[in-house]
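Student: Have a look at this one.
Number of protein chains: 4
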Amino acid sequence: MQFNKETPIYIQIKDVVYNAILSGEYCGGERIPSIRDMAVSLEVNPNTVTRTYAILQEEGVIENQRGLGYFAVENAKDVVLNQMKDEFLTVEVPLFFSKMERLGIPMEKITTLYSEPKKWRKT
Amino acid sequence: MQFNKETPIYIQIKDVVYNAILSGEYCGGERIPSIRDMAVSLEVNPNTVTRTYAILQEEGVIENQRGLGYFAVENAKDVVLNQMKDEFLTVEVPLFFSKMERLGIPMEKITTLYSEPKKWRKT
Amino acid sequence: MQFNKETPIYIQIKDVVYNAILSGEYCGGERIPSIRDMAVSLEVNPNTVTRTYAILQEEGVIENQRGLGYFAVENAKDVVLNQMKDEFLTVEVPLFFSKMERLGIPMEKITTLYSEPKKWRKT
Amino acid sequence: MQFNKETPIYIQIKDVVYNAILSGEYCGGERIPSIRDMAVSLEVNPNTVTRTYAILQEEGVIENQRGLGYFAVENAKDVVLNQMKDEFLTVEVPLFFSKMERLGIPMEKITTLYSEPKKWRKT
DNA sequence: GTGGTCTAGACCACC
DNA sequence: GTGGTCTAGACCACA
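Protein chains in written order, with this note's numbering: chain G, 628 to 750; chain V, 628 to 750; chain U, 628 to 750; chain Z, 628 to 750.
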């Protein structure tokens, strides 16, 4: 897999797991790939995956069962979704608004852009 | 001055200069504080300011006159504004949109929040 | 290594890397010496090499892979060659010509000198 | 007057004087502008002109007559011309040739460029 | 006075 | 191990 050079790889891997959970690929209670497998499939050092899993565990998104591997928690999807939504609405959105104002960009400009997906969507 | 610990100081100083230009404190053609003065007033090592000024010069926002110091370019304000606007609309806005979609937040939610400044404005 | 005192060391290191790339010592995609190793072998402070590598990266000649080191880009040789050629033909050659004219030296004089390598070649 | 930002101003002033001598504006034995006048007309600090004149005097191109000012030496034009020619042919030309070779640029390319003045002449 | 460069040494994040 | 950042302090060229 290709990684962005600016943000740490272990963060980008976190996003990979997040997306897999949100998309339903990893369902609540199910086992997720072992550190080793994940490292191989992403062509990354296992230490890096270890770091990601440790963070996810601390966040309560996955759990470790000794000898069996890592599992998504029962309500993983909700946990992730709520956490991200909350952070987005209370932190990122205000920053976004204040930058808009500083640059003198009106809300209409934003909504217009949004209604023309080809302008911003990669897929 | 207090600096955020996460982003490099020389980047934060860049923003300081940017804001001073946008606010009209440093006008086009005028001299900006010498590296040493700036370093003292920000309580930072001169090398760090040197780095910031080098970047700003490369960006075409300030110029050096040998032995005299650095000067804001004639149309500094426009240069900064356009540069920031461009980066915002082509990089940050698309990221913002795609995160919105991933979290299933509709555009209406955003516009509603925007029309209630008390919810996001600090001042 | 010995450095010319007039031009900055970090520029001279840049030339060292350029030549290593042109000579095929550093091939496209290969890793180049770490900052510390390079600093030791050139008997220079690591900071100085850091500066050189930063410039080369900005020029698109080398890339960084986090935690692994710097790598010559795939087509490094071409990039360097084109860059140098372009700069030579558009900057140095015109300066050369105008100086020739100012000194009243005819082109024939130059071509004659060129055809007698012993007059100018060191080897 | 506009100065190039890269090379020291006192060097550029030296070129100004050189050119004035080569063009016959300052003839052998004649007085050249005082330091003060020169500084005013070039919009430069007098110290800078002082430095230039000191160098020119050391090179034997101008002389100082106490209380009267600076004068171009009798055969100033020859002195300058020979000096520049010599330095050009023994230093710059060899460097030029070796760079040509390193970049794989044939002599024909150079002569072709030379015969198309619009490509390199500013005037 | 100005900036430009370099060294020495330190701390940190990342892999 | 890797590079990225920062500090402290020095020397130099330039105006």
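All C-beta atoms in this analysis are idealised placements derived from N, C-alpha and C, irrespective of residue type, glycine included.
Which runs of the alpha helix (DSSP H) at least 4 residues long sit entirely within the region 651 to 731 of chain U? Give them in chain order.
Tutor: Runs found: 662 to 669, 673 to 685, 703 to 714 and 720 to 730.
Student: So N631(Z) is in the alpha helix (DSSP H); what residue range does that whole segment cover?
Tutor: That residue, N631(Z), is in no alpha helix (DSSP H); it is neither H nor E in DSSP.
Student: Give me, in chain order, the residues of the same chain whose beta-carbon lies closer than 8 Å to that of Q753(Z); leave out the 5 immediate sequence neighbours on both sides.
Tutor: Residue 753(Z) cannot be examined here, being either before or after the span of chain Z that is shown, 628 to 750.
Student: Less than 9 Å between the beta carbons of V643(U) and L669(U), yes or no?
Tutor: Their beta carbons are under 9 Å apart, which means V643(U) touches L669(U) by this criterion.
Student: When we look at the beta-carbon of T634(V) and count the other beta-carbons within 10 Å, is it buried (16 or more) or exposed?
Tutor: Label assigned to T634(V): exposed.
Student: If we ignore side chains and look at the alpha-carbon of each, how far apart do G731(Z) and V688(U) end up?
Tutor: Spanning the two alpha carbons is a distance of roughly 20 Å.
Student: Just curious, the alpha helix (DSSP H) that K736(G) is in, first and last residue?
Tutor: Run containing K736(G): M734 to Y741, per the alpha helix (DSSP H) assignment.
Student: For chain Z, is any of its Cβ atoms less than 9 Å away from the one on E719(V)?
Tutor: Chain Z contact via Cβ: absent.
Student: Just confirm the distance between the C-beta atoms of P673(Z) and R663(Z), as a whole number of angstroms; I'd bet it's less than 8 Å.
Tutor: About 6 Å; that satisfies the 8 Å criterion.
Student: Find out if the Cβ-Cβ distance for the pair K736(U), C654(U) is shorter than 9 Å.
Tutor: Not a contact, by the Cβ cut-off of 9 Å.
Student: Could you tell me whether any Cβ in chain U is nearer than 9 Å to the Cβ of N646(Z)?
Tutor: So, interface residue.
Student: Here's the rule: buried if 16 or more other CB atoms are within 10 angstroms of the residue's CB, otherwise exposed. What is M665(U)?
Tutor: Answer is buried; the Cβ neighbour count reaches 16.
Student: CA-CA distance, E743(Z) and E719(Z)?
Tutor: Whole-angstrom Cα-Cα distance: 22 Å.
Student: Going by the beta-carbon positions, is the gap between I682(G) and Y645(G) smaller than 9 Å?
Tutor: Not closer than 9 Å, so no.
Student: My guess is that Y680(U) and F724(Z) are in contact by the Cβ rule of under 8 Å, so how many angstroms apart are they, rounded?
Tutor: Y680(U) to F724(Z), Cβ: 31 Å. No contact.
Student: Going by beta-carbon coordinates alone, are F715(Z) and M734(U) separated by less than 9 Å?
Tutor: Not closer than 9 Å, so no.
Student: Taking C-alpha atoms, which residue in V707(V), N631(V), T677(V) and I640(V) lies nearest to G651(V)?
Tutor: G651(V) has its Cα closest to that of V707(V), out of V707(V), N631(V), T677(V) and I640(V).
Student: Indicate whether Q675(Z) and T738(U) have their beta-carbon atoms separated by less than 9 Å.
Tutor: Sequence inspection shows Thr at residue 675(Z); the Gln mentioned does not correspond to that position. Result no, Cβ atoms of T675(Z) and T738(U) do not sit closer than 9 Å.
Student: Interface residues of chain Z around Y741(U) at Cβ under 9 Å?
Tutor: In chain order: V720, F724, M727, M734 and I737.
Student: Taking the alpha helix (DSSP H) that K641(G) belongs to, which residues open and close that run?
Tutor: Run containing K641(G): I636 to L649, per the alpha helix (DSSP H) assignment.
Student: Using only the alpha-carbon positions, how far apart do G639(V) and K632(U) sit?
Tutor: Just to set this straight, residue 639(V) is Gln in the shown sequence, not Gly. Between Q639(V) and K632(U), the C-alpha separation is close to 34 Å.
Student: R693(Z) and L649(U) - do their beta-carbons sit closer together than 9 Å?
Tutor: Not closer than 9 Å, so no.
Student: Looking at V671(U): is its Cβ nearer than 9 Å to the Cβ of M628(U)?
Tutor: Yes, these two residues count as a Cβ contact at 9 Å.
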